[in-house]
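Visitor: In the numbering used here, the protein residues as written are 417 to 491. Backbone N, C-alpha and C fix where the C-beta goes; we use that ideal spot for every residue, glycine too. None of these values were measured; they are calculated from a predicted model. Have a look at this one before I ask anything.
Spelled out as structure tokens, the structure:
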């Protein structure tokens with residue numbers, strides 16, 4: 417039995433829930449896209465802190481930025 421035969425046998429049971437399946441697939445895709453936001457914000461934050469440190473800005477100001485970004489991401 418190949419995959420297409422299995423899908424054909426399951427189709428009558430799945431048809432009443434077609435809308436729910438589509439919604440769950442769309443939400444899964446949105447969740448996967450949203451998961452990419454965290455690394456992008458973290459990269460921006462690290463680059464900004466490194467740039468500030470290279471410009472001679474005090475560590476306290478950079479630490480404050482890190483704490484604020486962490487509160488936004490994890491809070």
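1. Quick one: measure Cβ to Cβ for residue 454 and residue 482, integer angstroms, because I've assumed they're closer than 8 Å.
2. Is DSSP giving residue 418 helix, strand or coil here?
3. Rounded to a whole number of angstroms, what is the C-alpha to C-alpha distance between residue 430 and residue 451?
4. Is residue 474 near the ligand ZN, judged by its Cβ being under 8 Å from some heavy atom?
Guide: The short version:
1. For this step, residue 454 is matched to residue 38 along the chain shown. For this step, residue 482 is matched to residue 66 along the chain shown. Contact doesn't hold; Cβ gap of about 14 Å is too wide.
2. Taking the chain shown and counting its residues from 1, one reaches residue 418 at position 2. It is coil, neither helix nor strand.
3. The residue you call residue 430 lines up with position 14 of the chain shown. The residue you call residue 451 lines up with position 35 of the chain shown. Roughly 29 Å between the two C-alpha positions.
4. Looking for the ligand ZN in the displayed structure turns up nothing, as the structure carries no ligands at all.
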